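As structure tokens, the structure follows; a few thoughts come after it.
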Amino acid sequence: MIIAPDYRGHRIEINATAVKAADRWNAEVRIRGHAVNAKPHVEIVTCHKLTANHAERVGEMWARRWIDLRAKEGLYG
């Protein structure tokens, strides 16, 4: 599990999830604003990486890009 406690006012949590019937990993990403009752945005990032650590790193990069794009468009945060 990777936790980025403060990325541009958001908390990012990433968990690796095993792919059934394969020795591969995907990442479950939760992005939450710092508001007290903020509902998290949850995505499964399909990356089919060989290790859980690699899948979590891909999920972290995806989450940071997601936040950056929303901030640039004025949609999130």
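Heads up: the sequence shown begins at 1 in our numbering, then just goes up one per residue. Yeah, the Cβ is synthetic: ideal placement off N, Cα and C, and Gly gets one too. Keep in mind it's a predicted model, so treat the numbers as computed, not measured.
Does the Cβ of Glu-13 have 16 or more other Cβ atoms within 10 Å, making it buried, or fewer, making it exposed? buried
Could you work out which residue in Ala-55, His-10, Glu-56 is closest to Ile-31 when comparing CA atoms only? His-10
Beta-carbon gap between Ala-22 and His-54 smaller than 9 Å: no
Roughly how many whole angstroms lie between the Cα atoms of Val-78 and Asn-37? Residue 78 is absent from the structure shown; the chain starts at 1 and stops at 77.
Which listed residue (Arg-64, Lys-20, Arg-70) has its alpha carbon closest to that of Pro-5: Arg-64
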